[in-house]
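Only one structure is covered here, and it is reproduced in the block below.
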Amino acid sequence: MTAIDDRRTDEDPSEHIRRVREAKEDQVSRAEGWRRRGPLLPALIFTIVVTQIPFLFTLYYSTQSWNLVSPGSRRFVGLQNYVDVFRDSQFWQVAVNTVILIVGTVLISVVLGLLLALLLDRVFLGRGIVRTLLITPFLVTPVAGALVWKTSMFDPVFGIVNFVLSPFGVGDVDWISRYPLPTVMAALVWQWTPFMMLLILAGLQSMPRDILEAGRVDGAGAFSLFRELTLPHLRRFIELGAVLGAIYLINTFDAIYMMTQGGPGTASANLPFYIYQRAFLGFDIGQAAAMGVVVVVATIIVATFALRLIFKSFTGKEEAA
Amino acid sequence: MSTTDVPSTTPVVDTDTEPAPRKARKRKHRKMNPWGVVAWIAGIGFFFPVFWMVLTAFKQETDAYSDPPKFFFTPTLDQFRAVFDTGVGIALLNSAFATVVSTALVLLLGVPAAFALSLRPVRKTQDVLFFFISTKMLPIVAAIIPLYVIVANIGLLDNIWALIVLYTGMNLPIAVWMMRSFFLEVPGELLEAASMDGASLWTSVREVILPLVSPGIAATALICVIFSWNEFFFAVNLTAVQAQTMPVFLVGFITGEGLYWARLSAAATMAALPVVLAGWLAQNKLVRGLSFGAIK
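Quick note, the sequences are listed as chains A and B, same order.
Under our numbering, residue 329 is the last one in the first sequence; the count climbs by one each step, no gaps.
Under our numbering, residue 298 is the last one in the second sequence; the count climbs by one each step, no gaps.
As structure tokens, then:
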């Protein structure tokens with residue numbers, strides 16, 4: 009028996025150590041367990057109370073017919089709000105807008121971010137300054153950024169965009185009312201490209217130089233080096249950037265609120281903005297809550313993918329350490 | 003062409019007059035190559051709206067509305083004065099108060115939690131971490147309705163403390179993850195060695211661990227500052243006049259008539275300046291915070 013046991017531990021010492029440690033932990037007194045848990049509990053309880061309890065209420069509200077305009081009308085209606093939401097054609101248009109906004113912004117900012125990261129990975133005069141300039145759009149208060157884009161950038165007569173494009177024969181285009189969703193997207197791309205660039209740049213800088221060196225010695229061209237070596241290495245970083253970007257962008261509200269107010273009609277509204285309108289301008293709490301639940305379910309689908317990615321990168325680092 | 007193809011690592015010199023490779027390597031850092039020019043153009047392009055915002059803030063309204071745009075004009079502080087007259091002071095104070103207090107709370111709750119999830123880990127550490135990060139994946143819009151009802155019922159509408167609590171909840175998960183990644187870089191033996199010397203846990207944490215992780219904690223704090231200061235959704239729904247923050251103050255400038263660009267730019271500059279500075283300070287750790295510590 010013991011011989012077999014010994015051989016097993018020889019084969020997998022880390023497993024053995026883990027089991028010993030677990031056994032030790034079992035022996036650790038209850039007091040020690042609480043002493044370890046103690047520092048964690050305030051943060052954990054706080055987070056549960058502040059972030060989870062509201063969602064339970066949202067679930068509950070979504071089963072109620074509840075309009076603030078007609079008090080006393082509140083009653084249980086089961087899943088009726090969900091049925092109404094799915095029959096609401098505006099909801100679907102807004103859902104499509106939300107997807108376009110997220111996918112478009114993520115795709116464009118990943119491509120731009122990749123190009124900028126490749127530029128910044130080279131040595132040139134003032135690289136630190138350029139990097140600082142490039143990350144600034146991500147730091148600027150989004151409301152302030154959106155305000156500047158709406159006014160001095162996109163204004164049809166006095167805006168910089170039309171001034172820059174005027175040599176190319178573009179007249180006084182009123183970008184925001186003609187193309188509301190793309191202009192919001194432009195402001196978002198401006199804001200999120202630095203984020204993607206930073207992530208991808210971190211990837212580039214973690215790349216072992218000797219591999220590129222070896223590839224070059226073998227006579228590979230710059231483009232094939234990029235495609236065969238750099239891009240596969242960057243894949244994990246690009247994926248992480250895209251998924252995190254999507255998670256953050258689902259909450260997009262500031263730019264729409266400041267630039268278009270979702271209009272004209274619902275042409276540039278996304279789900280957060282539409283839910284906000286329904287709840288705080290239409291006072292329809294029940295339906296707004298039901299929409300909130302739908303958004304959460306959709307997000308969870310994206311988020312499970314995101315969490316797996318983050319955990320993967322994260323545990324990968326731990327193994328390396 | 004030779005400089006464009008060859009990345010920085012190879013000491014190739016583009017002019018024939020450069021004799022020694024050592025000199026070339028030294029000069030490389032100061033040299034301007036074509037890709038550097040492209041990078042500079044891109045950097046200036048991305049920065050331009052911010053530059054323009056700051057520039058317009060120092061104009062008179064007549065200079066702000068001009069076609070073609072004016073780059074040279076007599077600078078004035080009139081717009082900043084006007085913004086102060088319209089009551090930006092209270093918004094600045096509210097923003098600063100909400101940001102500082104919520105960041106302090108995040109550190110107060112988050113540093114012990116990060117410790118309990120790294121150096122002396124509790125059981126089910128992975129589950130707790132998973133829980134923390136999953137709260138960031140839920141769209142806040144789904145929580146705003148009950149939050150509004152709750153905040154109204156306890157009489158905290160238009161009260162800055164409602165925002166402080168929510169901002170703490172919003173930043174705590176990121177901070178725990180980020181600080182944990184810094185704690186994990188501390189060799190575990192350090193703590194054991196200190197406790198063998200007879201130091202109490204608190205003493206060894208304070209004397210040995212905290213000095214090592216304090217740069218990480220500072221970076222985490224700066225990222226919390228950026229997120230709290232810039233937050234708009236909670237602020238616009240839960241505050242009005244008394245507790246309005248800077249982003250809510252800026253909403254006053256989108257009403258159709260009477261758009262004063264120069265004044266608006268001055269207000270936007272005042273809103274953006276503190277976080278831009280904080281971000282510049284934290285820029286080396288920004289990636290780690292934004293990726294929940296996944297990327298160093």
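Quick reminder that beta carbons are idealized off the backbone N, C-alpha and C, glycines included.
Asked: Run the CB neighbour count on VAL289(B), radius 10 Å, all protein chains shown included, and call it buried at 16 or more, exposed below.; Found: buried
Asked: Mind listing the chain A neighbours of LEU159(B)? Cutoff is C-beta to C-beta under 8 Å, in chain order.; Found: Going along chain A, no residue has its Cβ under 8 Å from LEU159(B), so there is no contact; the nearest lies around 12 Å.
Asked: Between PRO148(B) and chain A, is the shortest Cβ-Cβ distance under 9 Å, so that the two count as touching?; Found: yes
Asked: Within the 9 Å Cβ cut-off, does MET180(B) reach chain A?; Found: no
Asked: Would you mind sorting LYS25(B) into buried or exposed? The rule is 16 or more other CB atoms within 10 Å of its CB.; Found: With a pLDDT of 47 at LYS25(B), under the threshold of 50, the modelled position of this residue cannot be trusted; read the value that follows with caution. When all chains shown are included, LYS25(B) counts as exposed.
Asked: Is the CB of GLU19(A) under 9 Å away from at least one CB in chain B?; Found: With a pLDDT of 47 at GLU19(A), under the threshold of 50, the modelled position of that residue is not reliable, and the figure given next carries that caveat. Answer no: the Cβ-Cβ gap between GLU19(A) and chain B never drops below 9 Å.
Asked: Helix, strand or coil: which one does DSSP assign to ASN75(A)?; Found: strand
Asked: Going by DSSP, what residues sit across from ARG83(A) in a beta bridge?; Found: SER73(A)
Asked: Helix, strand or coil for ASP129(B) per DSSP?; Found: helix
Asked: Look up ASP292(A) in the DSSP assignment and give the residues it is bridged to.; Found: ASN75(A)
Asked: Closest to LEU174(B) by C-alpha separation, out of VAL57(A), THR307(A), GLY271(A) and ALA311(A), would be which residue?; Found: VAL57(A)
Asked: Say whether the segment 126-136 of chain A touches the segment 92-109 of chain A, bearing in mind that this needs 3 or more beta-carbon pairs closer than 8 Å, one atom from each stretch.; Found: no
Asked: For SER232(A), does the count of other Cβ atoms within 10 angstroms reach 16, so buried, or fall short, so exposed?; Found: exposed
Asked: State yes or no: is the beta carbon of GLN60(A) nearer than 9 Å to at least one beta carbon in chain B?; Found: yes
Asked: Would you identify the three-state DSSP class for LYS138(B), choosing helix, strand or coil?; Found: helix
Asked: Taking only the alpha-carbon atoms, compute the straight-line gap between ALA270(B) and LEU155(A) and give it to the nearest angstrom.; Found: 8 Å
Asked: Contact check, THR78(B) vs PHE53(B) under 8 Å by CB: the rounded distance?; Found: The pair is not a contact, with the Cβ atoms about 18 Å apart (cut-off 8 Å).
Asked: Hey, which unbroken runs of the beta strand (DSSP E) at 3 residues or more fall wholly within the segment 85-152 of chain A?; Found: none
Asked: Can you name, in chain order, every residue of its own chain whose Cβ lies under 8 Å from the Cβ of ALA274(B), other than the five neighbours on each side?; Found: VAL52 and MET55
Asked: Short of 8 Å Cβ to Cβ, which residues in the segment 272-286 of chain B face chain A?; Found: ALA273, ALA274, VAL277, VAL278, ALA280, GLY281, TRP282 and GLN285
Asked: Counting only C-beta atoms, is SER68(B) closer than 9 Å to chain A at any point?; Found: yes
Asked: At least one CB of chain A closer than 9 Å to the CB of PRO51(B): is that the case?; Found: yes
Asked: Kindly indicate which three-state DSSP category ASP160(B) falls into: helix, strand or coil?; Found: coil
Asked: Using the C-alpha atoms, what's the distance from ILE46(B) back to LEU159(B)?; Found: 42 Å
Asked: Using the Cα positions of THR137(B) and GLY254(B), report the straight-line distance between them to the nearest angstrom.; Found: 32 Å
Asked: Which chain B residues sit within Cβ distance under 9 Å of VAL85(A)?; Found: Within chain B, no residue comes near VAL85(A); the closest Cβ sits about 16 Å away, beyond 9 Å.
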